[in-house]
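> Residue numbers (my numbering): 1148 to 1391.
Glycine included, each C-beta is placed from N, C-alpha and C at the ideal position.
Note that this is a predicted model, so its numbers are computed, not measured.
Attaching a single structure in structure tokens format; questions to follow.
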């Protein structure tokens, strides 16, 4: 049943990707919005969840914060140690393409974890499962949008972009199916969330936000702030539903 509910996340991911494809001429504004959204979700959604899980699982919060740093440093080292930002290969064909590929695959991994969360939530109770589902659906429109944004911004062609969007859309369904056959320890989920929070912060702050600085238009700055505000609104709305 959780996999069936995860189909709504599949639909929302495709909808977000379709929006980004349809309005490609506004890509820079979408990137500015996405940077605010990614950073906002990391600080307002993932970080509080990490702190709460640390309390419930008796994990030293400093250990989880170190994992956040590892997530941030991990993607940084990956970029600096490969052709993504390596100076020797900076002008080689495919250099920019790998930036988008890494970002899109990272978001797909996040979507997979979202699906796992849906499955685990429904295992706990239908009420918890529905609250988790609402959070995932609210985020997955942005995930689809961000996947297309990363791919197009790094000069990937349409076919490759659509392929990565399809992978991102299928990821939560696959995650929900996996949750039905594997037992995930809550402590491991806390470490996974911490690593991804660092990864998300790097993507928003390093790969998207610099585009706003390149052309400091008021509209771009407003788009970034709007992304932060939307992230806050999503977290607030999901929190209200969870306490209802």
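1. Would the stretch 1314 to 1326 and the stretch 1198 to 1212 be scored as touching if the rule is three or more Cβ pairs under 8 angstroms?
2. Are residue 1284 and residue 1181 touching if we call contact CB-CB under 7 angstroms?
3. Is the stretch 1177 to 1197 in contact with the stretch 1345 to 1354, if contact means three or more CB pairs nearer than 8 angstroms?
4. Rank 1384, 1153, 1359, 1368 by C-alpha distance to the C-alpha of residue 1135 and give the top, closest one.
5. If we call anything under 7 angstroms between Cβ atoms a contact, is residue 1296 one with residue 1177?
6. Going by other Cβ atoms of all chains shown within 10 Å of its Cβ, with 16 needed for buried, is residue 1205 buried or exposed?
7. Which residues in the same chain have their Cβ closer than 8 angstroms to the Cβ of residue 1368, if we skip the five residues on either side of it in sequence?
8. Three-state secondary structure (DSSP) at residue 1204?
9. Find out if the Cβ-Cβ distance for the pair residue 1098, residue 1298 is shorter than 7 angstroms.
Result, derived from the coordinates:
1. Taking 8 angstroms as the limit for Cβ pairs, the verdict is that the stretch 1198 to 1212 does not touch the stretch 1314 to 1326.
2. No, the pair does not count as a contact, with Cβ atoms beyond the cut-off.
3. With three or more CB-CB distances shorter than 8 angstroms, the stretch 1177 to 1197 counts as touching the stretch 1345 to 1354.
4. Residue 1135 is absent from the model: the chain starts at 1148 and stops at 1391.
5. Result yes, Cβ atoms of residue 1296 and residue 1177 sit closer than 7 angstroms.
6. Taking a 10 Å sphere around the C-beta of residue 1205, we find fewer than 16 other C-beta atoms and assign the residue as exposed.
7. Only 1179, 1359 meet the Cβ criterion.
8. Residue 1204 falls in the coil class under three-state DSSP.
9. Nothing about residue 1098 can be reported from this structure: the residues present for the chain run from 1148 to 1391 only.
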